[in-house]
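Okay, so the sequence shown: first residue is 9 according to the working numbering, each after it adds one.
To start, the structure under review is shown below, and the notes come after it.
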Amino acid sequence: MKAPVNKPKWWDEFIAFAVKGNAMALAVGTIIGAAFSTITKSLTDDIIMPIVAIFMGGIDFSELKITLPRLFSEPVLDENGREILNTLNYGNFISAIINFLILALVVFFLVKGLNKLSDLGKKKEEEAAAEEPAPPEPSNEEKLLTEIRDLLKDK
9 MKAPVNKPKW
19 WDEFIAFAVK
29 GNAMALAVGT
39 IIGAAFSTIT
49 KSLTDDIIMP
59 IVAIFMGGID
69 FSELKITLPR
79 LFSEPVLDEN
89 GREILNTLNY
99 GNFISAIINF
109 LILALVVFFL
119 VKGLNKLSDL
129 GKKKEEEAAA
139 EEPAPPEPSN
149 EEKLLTEIRD
159 LLKDK
């Protein structure tokens with residue numbers, strides 16, 4: 009006979025989450041999010057950053073970098089004999105930050121819109137529940153019969 013396995017308390021909750029379809033919704037959201045991230049990256053790299061570059065004197069953000077020295081090794085050469093530089097590409101990082109801010113802004117407005125739709129649905133449900141009349145109070149005869157029934161049950 010096997011000894012009982014002590015499962016953590018959250019395990020059953022996780023299984024219920026995975027089986028109810030929430031995991032599938034999460035997977036679909038991840039896939040759509042990845043596709044949307046590609047669109048946002050293109051928006052940042054191909055539309056916004058060139059406009060920003062106009063105001064910064066034609067600087068291409070992807071070319072903003074600092075060349076770091078090699079302290080403990082000889083220069084590394086590529087197949088054509090050119091030195092491969094060790095660079096800190098902060099321009100790409102700035103582009104990634106702008107990309108993130110655009111994505112976060114879109115997700116914020118999406119969640120805000122979904123919450124409004126959800127609130128509208130709840131208000132309609134509450135209004136429908138408020139409009140339903142209360143059931144009529146039982147007559148004196150029904151109350152008396154209910155008391156008799158309950159007394160007979162107790163015996």
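Note that CB positions come from ideal geometry on N, CA and C, so glycine has one too.
Predicted model, so just to flag it, every value in this text is computed and none were measured.
- The Cβ-Cβ distance between T52 and I110 falls below 8 Å.
- I102 is the residue among E150, I102, L118 and E140 whose C-alpha sits nearest the C-alpha of M57.
- Secondary structure of L128 (DSSP, three-state): helix.
- In the structure shown, N100 falls within a helical segment according to DSSP collapsed to helix, strand and coil.
- At a cut-off of 3 residues, the continuous stretches assigned as beta strand (DSSP E) that sit fully inside the region 60-123 are 74-76 and 94-96.
- A residue is called buried once 16 or more other Cβ atoms fall within 10 Å of its Cβ, and N88, having fewer, is exposed.
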